[in-house]
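Asker: Input: one structure, supplied below.
Protein chains: 2
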Amino acid sequence: MKKLINKPDDVIREQLEGMQAAHADLLKVNYEPFYITRAGGPVKGKVALVSGGGSGHEPMHGGFVGHGMLHAACPGEVFTSPTPDQMHEAAKAADGGAGVLNIVKNYTGDVMNFEMAAELAMADGIKVQNIVIDDDIAVKDSLYTAGRRGVGSTVLIEKICGAASEKGYDLEKLSALCRTLNQNGRSMGMALTSCITPGNGEPSFEIGDDEMEIGIGIHGEPGIKRDKIKSVDEITEMMTVSIIEDKPYTRKLKEWDFGKNEWVERELTDEPLKKGDKVIAFVNSMGGTPVSELYGVYRKMAQITDKFGLKIVRNLIGPYITSLEMQGCSITLMKVDDEMIKLWDAPVYTPGLKWGK
Amino acid sequence: MKKLINKPDDVIREQLEGMQAAHADLLKVNYEPFYITRAGGPVKGKVALVSGGGSGHEPMHGGFVGHGMLHAACPGEVFTSPTPDQMHEAAKAADGGAGVLNIVKNYTGDVMNFEMAAELAMADGIKVQNIVIDDDIAVKDSLYTAGRRGVGSTVLIEKICGAASEKGYDLEKLSALCRTLNQNGRSMGMALTSCITPGNGEPSFEIGDDEMEIGIGIHGEPGIKRDKIKSVDEITEMMTVSIIEDKPYTRKLKEWDFGKNEWVERELTDEPLKKGDKVIAFVNSMGGTPVSELYGVYRKMAQITDKFGLKIVRNLIGPYITSLEMQGCSITLMKVDDEMIKLWDAPVYTPGLKWGK
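Chains E and V, in that order, are what the protein sequence lines are. So the first sequence is residues 1 to 357, counted in my numbering. So the second sequence is residues 1 to 357, counted in my numbering.
Written out as structure tokens, the structure reads:
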């Protein structure tokens with residue numbers, strides 16, 4: 001196993017210690033249980049944005065804690081949901097009196113645990129809402145998911161909602177923004193190689209020297225098809241066109257109903273992208289693919305969005321939601337309006353994403 | 001060959017097209033010959049900072065073109081020096097009337113070609129100085145180099161000198177700063193895997209499944225020793241202690257003498273790091289190592305610098321000077337004074353490095 005680690009059991013704690021040593025100005029790591037909050041403590045009067053999920057997708061989510069983005073993050077073991085306990089403690093530590101919005105990627109364990117954590121926090125008198133992200137158009141119902149998986153949109157949503165929280169959006173308005181952004185975003189990924197979790201020591205899946213996996217998830221879950229490696233132009237065209245031509249998708253996602261005081265299923269249908277839409281384009285590395293290759297992807301993607309009459313107004317290119325050292329990439333296109341663009345442009349200051357001040 | 005590319009011959013051009021499409025607000029790509037300048041044209045009255053080298057080390061150098069860092073960059077073919085022609089054209093395009101400082105990594109081809117380019121630009125009436133970076137303590141005289149190789153310090157120097165140029169340093173003062181920073185910086189790298197250049201299609205070197213290479217260069221040049229993979233703590237300790245305990249190093253580097261109007265060798269001896277020194281600590285991914293593992297390196301490195309009484313005042317963690325998809329890392333420690341820290345903190349706005357505005 002070719003990794004820069006000590007004992008597999010110590011990987012998460014030691015990497016968190018490294019983050020703490022490197023970014024004491026931005027964040028504070030709690031070790032029992034694991035969660036990360038902003039260095040300055042809760043932000044009074046602002047809705048606290050909390051996210052979390054299995055480790056191995058760095059810099060998500062701990063690397064996105066800081067001004068203009070998350071207030072807290074809960075790292076699970078590698079590719080494993082964090083526990084309700086972690087999420088509950090993070091909510092308590094991050095709440096500044098205006099409530100907590102949990103941004104939850106759609107994996108069965110994450111969804112279930114964030115629901116339990118929300119209930120625990122509500123029992124403490126904290127107002128909490130959960131919004132589930134499910135933007136991966138590749139597959140419905142997979143190894144870890146009922147419905148579509150939550151992937152690249154999560155990064156863009158954490159940035160935009162983080163700025164909205166700084167701007168003073170209340171919990172209802174922020175939840176509505178988060179929900180809309182999820183409906184506005186679509187993603188698809190692919191892999192050239194597998195990855196190795198430290199605990200297991202073996203590749204998550206086998207793939208031939210001349211093969212690639214299209215539609216892969218961020219845990220190496222199977223995608224749509226296994227194929228011979230194609231050119232970056234062919235791969236990019238296939239993914240981009242699939243995203244743009246994706247049909248309206250209807251999902252039922254659970255949210256807390258503050259009137260009924262219970263979880264309710266909200267049926268949401270998104271509209272496909274159409275000519276004239278403004279989008280944020282996000283080309284992501286799965287971890288092992290260098291940024292140079294992402295520019296090859298971006299080149300073709302921009303030609304295709306142009307052909308379909310989409311206008312890329314902002315972009316993000318780099319390793320922001322990874323699968324350890326997996327080689328591959330994902331593309332996310334998210335429709336945005338002028339307010340969302342303004343929120344995107346707002347200052348952000350975290351270990352993983354930084355601009356303005 | 002598992003890469004997101006089309007034809008190997010088109011890789012550089014297409015990736016540059018992708019950069020241009022993504023960052024038209026920041027930079028402008030020239031295609032015949034290849035060079036990248038700032039989108040806004042030359043900056044009047046400020047010394048133009050120009051760098052370049054073989055491609056494959058992204059985001060260096062093209063990704064560092066923009067406000068607060070480089071004015072122009074020349075990408076060669078993968079792991080191959082750019083030509084004097086590229087460097088000459090870049091100097092002409094970037095010069096804002098206050099001269100050009102070429103930041104040159106110490107590889108035989110780069111040094112020779114930047115000297116020729118400087119002479120060509122001087123023949124055009126542009127004032128040019130070349131400062132050579134040679135911070136890699138691992139080996140002296142290697143596959144591509146006479147003397148020590150130029151590696152991680154280059155990134156830190158381009159940031160700090162970029163800020164100094166914005167601040168109005170003239171060519172002499174900026175050259176002196178660049179020279180001092182080079183003497184102040186020391187680096188060492190290691191690799192877990194090889195990398196594959198698109199043109200060749202085969203790994204640059206062979207390495208066993210249980211082996212690592214210590215002291216490797218950014219082109220996969222051999223290092224100090226081949227060893228069984230050790231723990232991240234052992235690897236980090238070995239590299240960090242080597243950097244800190246490095247003996248005074250004397251090199252002769254050619255610079256232009258504006259009085260004599262010729263190249264002269266300047267003998268420079270640096271002082272080892274000592275207790276109480278303030279340093280910028282840079283933990284770099286060779287491309288294929290994910291940021292999570294870099295935090296494991298940072299953790300141990302910070303413990304060791306602490307033990308030696310060094311004070312890490314700033315840090316940089318991520319893939320900033322890479323070797324395609326190679327797995328591995330490098331550590332750079334650079335002694336800085338308060339003025340250098342201020343320049344480090346100054347706004348930078350490039351595709352690869354961004355903060356403030």
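All C-beta atoms in this analysis are idealised placements derived from N, C-alpha and C, irrespective of residue type, glycine included. Here the structure is a predicted model, which means the values were calculated and not measured.
(1) Can you tell me the Cα-Cα spacing of V/K278 and V/D9, whole angstroms?
(2) Closest by CA to V/P133, which one among V/Y349, V/K254, V/K228, V/I214?
(3) Hey, would you say the C-beta of V/V313 is under 6 Å away from at least one heavy atom of the ligand GDP?
(4) Under DSSP, the beta strand (DSSP E) around V/A24 begins and ends at which residues?
(5) If you follow the beta strand (DSSP E) that V/K105 is in, where does it begin and where does it stop?
(6) What are the complete beta strand (DSSP E) segments, minimum 3 residues, inside the stretch 42-77 of chain V?
(7) Use the C-beta contact count for E/G66: other C-beta atoms within 10 angstroms, 16 or more gives buried, fewer gives exposed.
(8) Here's the rule I'm using: 16 or more other beta-carbon atoms within 10 Å means buried, otherwise exposed. How should E/K359 be labelled?
(9) Can you check which of these residues, E/E166, E/L171, E/T180, E/I216, is closest to E/L343 by C-alpha distance?
(10) DSSP on V/D246, reduced to helix/strand/coil?
(11) Using DSSP bridges, identify the partner residues of V/C329.
(12) Under a three-way DSSP split, which group does E/V11 fall into?
(13) What residues in the stretch 322-335 of chain V bring their beta carbon closer than 7 Å to a beta carbon of chain E?
(14) Report back the beta-carbon spacing between V/G217 and V/S142 to the nearest angstrom; my notes put them in contact at under 8 Å.
(15) I believe V/D190 touches V/M239 by the beta-carbon criterion, under 8 Å. Please report the beta-carbon distance rounded to the nearest angstrom.
(16) Is any beta-carbon of chain E found at less than 7 Å from that of V/E206?
(17) Pick helix, strand or coil for V/M116, following the three-state DSSP scheme.
(18) How long is the line joining the alpha carbons of E/A72 and E/M87, rounded to whole angstroms?
(19) If we count Cβ pairs, one from each stretch, closer than 8 Å, do we get three or more for the stretch 151-161 of chain V versus the stretch 316-325 of chain V?
(20) Should E/K7 go down as buried or exposed, given a rule of 16 or more other Cβ atoms within 10 Å for buried?
(21) Of all Cβ atoms in chain V, is any one closer than 7 Å to the Cβ of E/Q15?
(22) Using only alpha-carbon positions, find the residue among E/K2, E/T350, E/A21 that is nearest to V/I312.
(23) To the nearest whole angstrom, what separates the beta carbons of E/T322 and E/G287, a pair I think is in contact under 8 Å?
(24) Would you say E/L353 reaches chain V, if we count a Cβ-Cβ gap shorter than 7 Å as a contact?
(25) Using the Cα positions of V/L100 and V/E115, report the straight-line distance between them to the nearest angstrom.
(26) Taking the straight line between their C-alpha atoms, what separation do you get for E/T289 and V/I229?
(27) So if I threshold CB-CB distances at 7 Å, which residues from the stretch 285-304 of chain E count as touching chain V?
(28) Within its chain, find whatever has a CB closer than 7 Å to the CB of E/L174; leave out the 5 residues flanking it on each side and keep chain order.
(29) Among the residues of its own chain, which have a CB less than 8 Å from the CB of V/G201, if the five just before and after it don't count?
(30) What are the residues in the stretch 176-200 of chain E lying within 7 Å of chain V by C-beta distance?
(31) Would you mind working out which of V/E211, V/V241, V/V264 sits nearest V/D227, comparing C-alpha positions?
(32) In chain E, which residues lie less than 8 Å from V/V65 when you measure between Cβ atoms?
(33) Between which two residues does the alpha helix (DSSP H) holding V/T180 run?
(34) Can you tell me whether V/I214 is helix, strand or coil according to DSSP?
(35) When the Cα of E/G328 is compared with those of E/G215, E/P347, E/T350, which residue comes out closest?
(36) Taking Cβ-Cβ distances shorter than 7 Å, what residues in chain V pair up with E/L4?
Answerer: So, to answer that:
(1) 45 Å
(2) According to the sequence shown, residue 133 of chain V is Ile rather than Pro. Answer by Cα proximity: V/K254.
(3) Within the structure as shown, the ligand GDP is missing, as the structure has no ligands at all.
(4) Neither: V/A24 is in no beta strand (DSSP E) and is coded neither H nor E.
(5) 100-105
(6) 48-55
(7) buried
(8) In this structure chain E extends from 1 to 357, so residue 359 of chain E is not present and cannot be described.
(9) E/E166
(10) coil
(11) V/M190, V/S285
(12) helix
(13) T322, L324, E325, Q327, C329
(14) 6 Å
(15) The amino acid occupying residue 190 of chain V in the given sequence is Met; Asp does not appear at that position. Right, the Cβ-Cβ distance comes to about 7 Å (below 8 Å), so this counts as a contact.
(16) no
(17) helix
(18) 9 Å
(19) yes
(20) exposed
(21) yes
(22) E/A21
(23) 4 Å
(24) no
(25) Note that residue 100 of chain V is Val in the sequence shown here, rather than Leu. Answer to the nearest angstrom: the Cα atoms are 13 Å apart.
(26) 22 Å
(27) G287, G288, T289, P290, V291, S292, E293, Y295, G296, V297, Y298, R299, A302
(28) V47, L101, C161, A164, S165
(29) M1, P8
(30) L192, T193
(31) V/E211
(32) Simply none; closest approach about 14 Å.
(33) 171-184
(34) strand
(35) E/G215
(36) V232, I235, T289, E293, G296, V297, C329
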